Amino acid sequence: MFSGLVTIMVFMIGGAIAFSYKKPAAYRLLMNKFFDWLGFIAFGALCLCSGMDLTVRHFEIDIKDFGVYSYLIPEFRYLWVIPLACILLYFSFSALGRLTQELQSTEE
């Protein structure tokens, strides 16, 4: 798993370097947007990780059997997660679309 994460990080860094050389104005705008949202991203990651950890500890789930769907789907009291995830995906994709339009407009 660690080697897969390293491979993904290498490709992300390589893509960012290529993007910065090909479109410097768009890259500058992208980095400004990223640093504006960095606090929110870090807070969201912290909440997600701590929530997963507390869930595993509360239900005393064995780490070997741990899988997100193994306890979210059979427990119907967690069904509210599905519409919440759909709403979050909608807002994420709409924000990504607006960011893409801004990046294209900086290059024109």
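If you count by the numbering used here, then the sequence shown holds residues 19 to 126, one letter each, in order.
Idealized CB from N, CA, C, for every residue including glycine.
Note that the coordinates shown come from a computational prediction; the quantities given were computed from them, not determined experimentally.
Item, Value
"Do A43 and T124 have their beta-carbon atoms positioned less than 8 Å apart in this structure?", "yes"
"Would you kindly work out how many angstroms separate the C-alpha atoms of R46 and F111, rounded to a whole number?", "21 Å"
"Let's see if you can read the secondary structure: which residues bound the alpha helix (DSSP H) around K51?", "42-77"
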